[in-house]
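Asks: Residue numbers for the sequence shown follow the numbering used here, so the first one is 3 and each next one is one higher.
Backbone N, C-alpha and C fix where the C-beta goes; we use that ideal spot for every residue, glycine too.
Since this is a predicted model, take the numbers as computed values, not measurements.
The structure is given below, and queries will be raised subsequently.
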Amino acid sequence: MREQIDDAVEKKRAQAVASTGLAGMDASERYDRITRAAQETFGVMIAVVNLVDDEAIETISPQPDGHKWISPFGTAFCEYTVRQDHILMVPDTAEDDRFRDRSAVVENGIRFYAGIPLSLEDDTAVGTLCLLDTAPRTLDGSEEDRLRAFGGWAQQALRDSTDRTAHTIDVSRATLDAFRVRDLQIHSLDLPWGDTSGDFHTHATGETLVNASLGDVMGKGAHAGRLGSLLAAGLADVDASPRMSLTRAQSAVHDTLDSEDAFVTVFHAVIDADADTVRFVDAGHGLSVLVRRDGQVLRLHSSDLPIGLQDVGAGWDELAVGLAVGDTLVSVSDGVLDLYDGTLAGLDALAADLRESVDVPRFLDRIVSRSTEEPPSDDVTVLVVSRVAE
Numbered sequence: 003m004r005e006q007i008d009d010a011v012e013k014k015r016a017q018a019v020a021s022t023g024l025a026g027m028d029a030s031e032r033y034d035r036i037t038r039a040a041q042e043t044f045g046v047m048i049a050v051v052n053l054v055d056d057e058a059i060e061t062i063s064p065q066p067d068g069h070k071w072i073s074p075f076g077t078a079f080c081e082y083t084v085r086q087d088h089i090l091m092v093p094d095t096a097e098d099d100r101f102r103d104r105s106a107v108v109e110n111g112i113r114f115y116a117g118i119p120l121s122l123e124d125d126t127a128v129g130t131l132c133l134l135d136t137a138p139r140t141l142d143g144s145e146e147d148r149l150r151a152f153g154g155w156a157q158q159a160l161r162d163s164t165d166r167t168a169h170t171i172d173v174s175r176a177t178l179d180a181f182r183v184r185d186l187q188i189h190s191l192d193l194p195w196g197d198t199s200g201d202f203h204t205h206a207t208g209e210t211l212v213n214a215s216l217g218d219v220m221g222k223g224a225h226a227g228r229l230g231s232l233l234a235a236g237l238a239d240v241d242a243s244p245r246m247s248l249t250r251a252q253s254a255v256h257d258t259l260d261s262e263d264a265f266v267t268v269f270h271a272v273i274d275a276d277a278d279t280v281r282f283v284d285a286g287h288g289l290s291v292l293v294r295r296d297g298q299v300l301r302l303h304s305s306d307l308p309i310g311l312q313d314v315g316a317g318w319d320e321l322a323v324g325l326a327v328g329d330t331l332v333s334v335s336d337g338v339l340d341l342y343d344g345t346l347a348g349l350d351a352l353a354a355d356l357r358e359s360v361d362v363p364r365f366l367d368r369i370v371s372r373s374t375e376e377p378p379s380d381d382v383t384v385l386v387v388s389r390v391a392e
């Protein structure tokens, strides 16, 4: 294989990987939610996001129990994947002369591999999104299309992460808002990372209904801000069914998202002031919790994918939970997790900060303070809905 390698290209990729600053990174929900969704969507044993330089493959997601996997070339598959611009699929690794003797096959029993290269803005491939299983299989045409879409999601997350040094958080730009509807209080915090935020939130009220949304456009700057504004406008009307609201918003931005290969995670809830219930949909967001009065923390999420990945005709799972007096619903963007450990465990720490604060404004002050102490690499957006005694 060595004679097929362009040493100049290998050197360029190694330099590009080093420039990302991602080598040796700790676990991050930005990537973990992608690999979790890919594993479930494709029904495979393992889904991973890797960095690939000129001599080794480093898995950045998942990192179970903080374990970092680094595999030298010659043991796995991804050094092949980054040297092409399309999906590498190996239906049966034991029947492929390139891979049958590699330790991933011989020692770990991997029999199926499908991977897609992930590149930076200059098209230098620096990573891969891979599917692996212990049984031979293949992907049909629609599954290959879906893997390309997942690759686009992972690639955008990678590009966003490598762009993190271009700006710093300016806490003086933090915007706080609050209003009350009967016994429901809604608070929000916006702290943009760059000139324009790719996060958005919206809320509106009807006679007894309050809707509240938080979303995160993959990307930064004016492009992300424009898409966020379009979706926020589409979710602003109060509807008793969050499923229908998100379906309409998805249809309104479908052509724009499709033409720009964009993805948006969204949490959209409708709270009934009379019935003490919250109905919600979660489009690949997964960063919302219900903090009960007794301290119990319930993560609100579903298996739906982000807008841009979820099929337009597939619909959305609508779920419901109670919101009693003293309960608080909190939804955040992934920039907030940067203020903790970057993983889903940060949601528990976030809930602890809420419980230790005398009220929601003090809680949001804590978030702003954390943004000063541990500057995040993304927009910081928080939406809080709490039920208080009238």
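Taking 6 Å as the limit between beta carbons, can you name the residues of its chain near residue 370, skipping five residues before and five after?
Replies: 173, 176
Asks: Hey, would you say residue 306 sits closer than 8 Å to residue 283, going by beta carbons?
Replies: The beta carbons of residue 306 and residue 283 sit closer together than 8 Å.
Asks: With a 10 Å radius around its C-beta and 16 neighbouring C-beta atoms as the bar for buried, classify residue 205 as buried or exposed.
Replies: Burial call: buried.
Asks: Provide the residue span of the beta strand (DSSP E) that contains residue 187, from first to last.
Replies: 186-193
Asks: What separation, rounded to the nearest whole angstrom, lies between the Cα atoms of residue 3 and residue 281?
Replies: Residue placement at residue 3 is flagged as unreliable, the pLDDT there being 41, under the threshold of 50; the coordinate-derived value follows with that caveat. If you take the alpha carbons of residue 3 and residue 281, they lie about 56 Å apart.
Asks: Taking 8 Å as the limit between beta carbons, can you name the residues of its chain near residue 366, skipping five residues before and five after?
Replies: 178, 189, 191, 384, 386
Asks: Pop quiz: residue 347 and residue 299 are said to be a contact at Cβ under 8 Å. What is the actual Cβ separation, rounded to whole angstroms?
Replies: Not a contact, Cβ separation roughly 11 Å.
Asks: If we ignore side chains and look at the alpha-carbon of each, how far apart do residue 95 and residue 101 end up?
Replies: Roughly 6 Å separates the two Cα atoms.
Asks: For the alpha helix (DSSP H) that contains residue 155, what are its first and last residues?
Replies: For residue 155, the enclosing alpha helix (DSSP H) begins and ends at 143-164.
Asks: Buried or exposed for residue 45, please, with buried defined as at least 16 other CB atoms from any protein chain shown within 10 angstroms of its CB.
Replies: exposed
Asks: Can you tell me the Cβ-Cβ gap for residue 157 and residue 120, rounded? I've got them flagged as a contact below 8 Å.
Replies: 4 Å
Asks: Less than 8 Å separating the beta-carbons of residue 72 and residue 60?
Replies: yes
Asks: Which one of 13, 63, 323, 268 has the shortest CA to CA distance from residue 334?
Replies: 268
Asks: From the DSSP output, read off the bridge partner residues of residue 182.
Replies: Beta-bridge pairing links residue 182 to 187.
Asks: Between the Cα of residue 34 and those of 288, 361, 363, spot the shortest distance and give me the residue it belongs to.
Replies: 288
Asks: DSSP state of residue 362, grouped into three classes?
Replies: In the structure shown, residue 362 sits in a helix (DSSP, three-state: H, G or I).
Asks: My guess is that residue 251 and residue 227 are in contact by the Cβ rule of under 8 Å, so how many angstroms apart are they, rounded?
Replies: Residue 251 to residue 227, Cβ: 16 Å. No contact.
Asks: Rounded to the nearest angstrom, what separates residue 272 and residue 16 at their Cα positions?
Replies: 48 Å
Asks: Taking 6 Å as the limit between beta carbons, can you name the residues of its chain near residue 286, skipping five residues before and five after?
Replies: 267, 307, 308
Asks: How long is the line joining the alpha carbons of residue 105 and residue 56, rounded to whole angstroms?
Replies: 19 Å
Asks: Would residue 30 count as contacting chain C if we go by Cβ distances under 8 Å?
Replies: Absence of chain C from the displayed structure is noted, only one protein chain being present.
Asks: With 16 other CB atoms within 10 Å as the buried threshold, where does residue 81 fall?
Replies: Answer is buried; the Cβ neighbour count reaches 16.
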